[in-house]
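Note that the numbering used here has the sequence shown beginning at -7, numbered continuously upward.
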Amino acid sequence: MKKKYYYLLSISILLILVPTQILAGSPTLTENETDGTVYTLSASFPDTYTNGTLFDLYFELTADTFGTTVGVIEAFYDILIEFSLDGDTYTLLENTTLADINIEGGSSSTTLSINLTGIADPNFYINTKWTFYGNNTQGDDPEYQYFWGIGRVRVKEASISIIIPVLAVLSIGTIVLKRKKD
-7 MKKKYYYLLS ISILLILVPT QILAGSPTLT ENETDGTVYT LSASFPDTYT
43 NGTLFDLYFE LTADTFGTTV GVIEAFYDIL IEFSLDGDTY TLLENTTLAD
93 INIEGGSSST TLSINLTGIA DPNFYINTKW TFYGNNTQGD DPEYQYFWGI
143 GRVRVKEASI SIIIPVLAVL SIGTIVLKRK KD
């Protein structure tokens, strides 16, 4: 195969793949509590939501260090994540729970697939409230809470992401056929 055909093939693959790829936002936040407890909150979601598809949202809590300055924390339990997806005209309020974390360095996570079909806003924001308790062996169990606006997601129509690659393949095919005739 000639070099120019490899070039055309490479360009067509790029034109097909690049517009259809979705970049993911992966914010992470580490919090230090006054009792010495350190935990990390993580989330992952696509930066762009294509209308008519499922929106995947991933949450994770990691117990970096259990606190020992006020009692001895040995676990995290009753882990609740309340989240909202807020646009100009669209609001979704949901919650999910995570499994207990019983060892230092351990983590708990979940992935949610949410149907947002018909959202009319050009973008929406994801806000969360994390609430969980520390199992204190020497006193009252502390409650940990954190409010976190984790990011913005752009909404696009599905037809745009399909039309561009199809047009690219058709135009490259036309060029190749025209050159074969010459």
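Just so it is clear, CB atoms sit at the ideal spot from N, CA and C, and this is done for glycine as well.
Quickly, what does DSSP pair Gln137 with across the bridge? List them, please.
Reading the sequence shown from its first residue, position 145 is the one you call residue 137. Looking at the DSSP assignment, Gln137 forms a beta bridge with Thr123.
Go ahead and pull the three-state DSSP assignment for Ile111.
Looking up residue 111 in the sequence shown gives position 119. Correct three-state label for Ile111: coil.
Leu49 and Thr32 closer than 9 Å at C-beta:
As a working mapping, residue 49 is identified with position 57 in the sequence shown. As a working mapping, residue 32 is identified with position 40 in the sequence shown. Not closer than 9 Å, so no.
Cβ pair Ile167, Gly143 closer than 9 Å:
As a working note, residue 167 is residue 175 in the sequence shown. As a working note, residue 143 is residue 151 in the sequence shown. No.
Starting from Arg146, follow its DSSP beta bridges and name the residues at the other end.
Along the sequence shown, read from residue 1 onward, the residue named residue 146 stands at position 154. In the DSSP output, where bridge partners are listed per residue, Arg146 has Thr40 and Asn115.
Just curious, the beta strand (DSSP E) that Thr54 is in, first and last residue?
On the sequence shown, position 62 is the one that residue 54 refers to. Unbroken beta strand (DSSP E) run through Thr54: Leu46 to Thr57.
Decide if Leu162 is buried, meaning its Cβ has at least 16 other Cβ atoms within 10 Å, or exposed.
The count along the sequence shown starts at 1 and reaches residue 162 at position 170. With fewer than 16 other Cβ atoms within 10 Å, it is exposed.
With a Cβ-Cβ cutoff of 9 Å, do Ala112 and Gly79 count as a contact?
Residue mapping note: residue 112 aligns to position 120 of the sequence shown, counting from 1. Residue mapping note: residue 79 aligns to position 87 of the sequence shown, counting from 1. Contact: yes.
Outcome for Thr20 when other beta-carbon atoms lying within 10 angstroms are tallied against a minimum of 16
In the sequence shown, the residue the question calls residue 20 occupies position 28. Looking at its Cβ environment, which holds fewer than 16 other Cβ atoms inside 10 Å, Thr20 is exposed.
Cα separation between Leu77 and Ser36?
Taking the first residue of the sequence shown as 1, we reach residue 77 at position 85. Taking the first residue of the sequence shown as 1, we reach residue 36 at position 44. Straight-line Cα distance between these residues: approximately 14 Å.
Bridge-paired residues (DSSP) for Leu162
Residue 162 sits at position 170 when you count from the first residue of the sequence shown. In the DSSP assignment, no residue is bridged to Leu162.
In terms of alpha-carbon separation, which member of Ile65, Leu46, Ser34 and Trp122 lies closest to Asp132?
Looking up residue 132 in the sequence shown gives position 140. Ranking Ile65, Leu46, Ser34 and Trp122 by CA distance to the CA of Asp132 puts Ile65 first.
C-alpha distance - Leu108 paired with Gly44, whole-angstrom precision
Along the sequence shown, one-based indexing puts residue 108 at 116. Along the sequence shown, one-based indexing puts residue 44 at 52. Rounded to the nearest whole angstrom, the C-alpha separation of Leu108 and Gly44 is 7 Å.
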